[in-house]
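Remarks on the structure that follows.
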Amino acid sequence: MAAADEVRVPSRYSRVDPWVISRDTDAEIAFLRAAFGAVETPSSRMLDPGGRVLHVEVECGDSVLMLFDALPSWRPTPAHLRLYVARTTDAHDRAVAAGARSVTRPTDLPFGERVARVRDPQGHLWWLHERREDVPTAELAARFADPSAQAAMAYVQESLVDELAHA
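48 is the number that the UniProt record's numbering gives to position 48 of the sequence shown; each next residue is one higher, with no gaps.
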């Protein structure tokens with residue numbers, strides 16, 4: 001790639017950073033703090049004259065989430081966000097304690113991850129992932145063929161389908 005084609009990304013950001021649009025950004029930040037230990041970035045908050053959040057950034061580990069308040073006339077725009085955590089069960093339980101609703105209970109999957117899903121109070125769907133092992137590619141087919149792995153994958157898929165059908 002030529003130097004002129006190089007993508008320059010400012011420090012703190014990644015090449016793709018999510019916008020999270022909520023009816024109540026302050027409530028979303030409180031949830032993120034309680035559930036995932038997120039921290040609001042100092043001096044990132046911009047408000048309109050009426051106090052509506054036009055922009056604020058929250059850091060969750062090494063990721064930056066940008067947030068702002070939706071206008072009342074806008075349709076809901078729930079985000080779907082994957083978050084890697086140290087322990088899925090702990091993160092799931094903290095999120096539920098902070099007001100989220102469990103969508104998918106923590107489940108071990110054949111590709112070496114334990115996953116869970118929660119719907120936060122603002123309607124965003126969080127996919128919680130814990131990397132438990134690096135599975136060699138040559139071993140994946142045998143793992144996916146195991147009936148218990150197939151049952152786990154079916155449950156994870158069905159819980160998402162049910163959630164999205166009723167959201």
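Using N, Cα and C, we set each Cβ at its ideal position, and we do this for glycine too.
In this text the structure is predicted, and so the values were computed from the model without any measurement.
Determine the contact status of residue i and residue j, defining contact as a CB-CB distance below 8 Å.
i: glutamate 163; j: arginine 132; result: no
i: leucine 128; j: arginine 117; result: yes
i: tryptophan 126; j: leucine 83; result: yes
i: arginine 143; j: alanine 149; result: yes
i: glutamate 28; j: glutamine 122; result: yes
i: histidine 124; j: leucine 54; result: no
Measure the beta-carbon distance from residue i to residue j and round it to whole angstroms, keeping in mind my assumption that it falls under 8 Å.
i: glycine 112; j: valine 85; result: Not a contact, Cβ separation roughly 15 Å.
i: threonine 88; j: glutamate 130; result: 4 Å
i: aspartate 17; j: valine 64; result: 5 Å
Along the chain, where does the alpha helix (DSSP H) containing residue i start, and where does it finish?
i: arginine 143; result: 137-145
Discussion item. In chain order, what are the residue ranges of uninterrupted alpha helix (DSSP H) at least 4 long that sit wholly in the UniProt domain "VOC" (12-131)?
Written reply: 25-36, 88-97
Practice prompt. Would you be able to state if there are at least three C-beta pairs under 8 Å between the region 49-60 and the region 99-111?
Written response: no
Discussion item. Check whether the region 31-39 and the region 86-104 are in contact - that is, three or more C-beta pairs closer than 8 Å.
Written reply: yes
Worksheet item: Three or more C-beta pairs closer than 8 Å, one from the region 19-28 and one from the region 66-80: is that the case here?
Response: yes
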